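Structure, as structure tokens:
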């Protein structure tokens with residue numbers, strides 16, 4: 691491609707000698723192969739050419755090995771190597787056997803550009819749409835987190851940046867943790883994102899962690915619901931929040947081990963998560 695190697699491959703089995711030209715039919719020379727080689731050629735992962743080379747004329751003829759174009763020959767098999775398949779005249783015909791040439795570098799330019807944008811951003815806001823919630827589809831969100839983990843460098847660059855929000859519930863007077871379909875969705879999404887604590891934003895303003903925690907526990911209002919003007923107190927089942935924390939910290943441990951981060955970094959991130967949830971945390975290294 692543009693004068694550079696392409697990486698495309700084909701295999702060649704060369705048979706040299708006058709004996710390979712003694713048998714022919716009206717279309718070409720008959721090549722006889724041994725049964726023990728049949729499966730080897732048939733299972734080869736790239737195109738295989740059988741090439742017959744004449745020692746005196748120096749002419750070579752070829753055929754692509756295709757199992758369906760062979761015929762039985764006693765305990766062995768045979769295939770016709772066509773007269774018109776002269777090797778020195780067949781560049782275009784042989785190139786046509788290869789899969790379409792792709793410029794993978796060009797295709798990756800946009801992918802790398804997005805990765806650079808992610809790494810250079812201070813804040814990554816990922817929006818989950820209402821139809822995804824109602825259909826319990828976590829595919830796009832999981833793919834986003836997979837993208838953040840595509841390299842260790844990109845993962846580390848995006849630690850503590852991700853805010854998840856839900857679009858389509860702006861006109862619903864209830865809090866997200868009061869909406870059954872959202873609660874059910876988060877109960878499915880949360881275990882599918884074991885690395886959430888590593889990537890989630892903990893600096894204010896943020897609501898991701900609290901939404902995830904409250905949607906997975908029992909919540910009640912102490913003295914009436916909050917309004918736009920007045921924030922009211924809630925009480926919740928701490929046991930279920932502990933379950934959420936244990937899952938999240940386990941995923942955080944996996945991430946920090948994968949990235950070979952020091953224990954101090956794990957403790958710092960753990961403390962940031964706890965503080966974001968309003969929980970006191972011990973930050974001193976033992």
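In the working numbering, the protein residues as written are 691 to 976.
The beta carbon of each residue, even a glycine, is placed where N, CA and C say it ideally should be.
Given the structure is predicted, the values throughout are model-derived calculations rather than measurements.
Item                                                                                                : Value
Residue range of the alpha helix (DSSP H) that includes residue 822                                 : 820-824
Inter-residue Cα distance where the pair is residue 910 and residue 795                             : 55 Å
Distance, residue 968 Cα to residue 923 Cα                                                          : 13 Å
DSSP-derived helix/strand/coil call for residue 942                                                 : helix
Touch test, the stretch 852-872 against the stretch 811-825, Cβ-Cβ under 8 Å, three pairs minimum   : yes
Secondary structure of residue 717, DSSP reduced to three states                                    : coil
Cβ neighbour criterion (16 or more within 10 Å) applied to residue 970                              : exposed
Residue span of the beta strand (DSSP E) that contains residue 679, given as start and end          : Here the chain has residues from 691 to 976 only, and residue 679 is not among them.
Every unbroken beta strand (DSSP E) inside the stretch 842-910 [3 residues or more]                 : 852-857
C-alpha gap between residue 807 and residue 735, whole angstroms                                    : 38 Å
Exposure label - residue 962; buried when at least 16 CB within 10 Å                                : buried
Simplified DSSP assignment, three categories, for residue 700                                       : coil
The stretch 928-941 touching the stretch 870-879, judged by at least three CB pairs closer than 8 Å : no
Rounded Cβ spacing between residue 776 and residue 751 (contact assumed at less than 8 Å)           : 6 Å
7 Å Cβ shell around residue 760 - same chain, five flanking residues per side excluded              : 767, 768, 769
Cα-Cα separation, residue 725 to residue 765                                                        : 7 Å
Residue range of the beta strand (DSSP E) that includes residue 768                                 : 766-772
Proximity winner among 720, 834, 749, 803, relative to residue 779 (alpha-carbon distances)         : 749
Three-state secondary structure assigned by DSSP to residue 809                                     : helix
Rounded separation between residue 879 and residue 860 - CA only                                    : 21 Å
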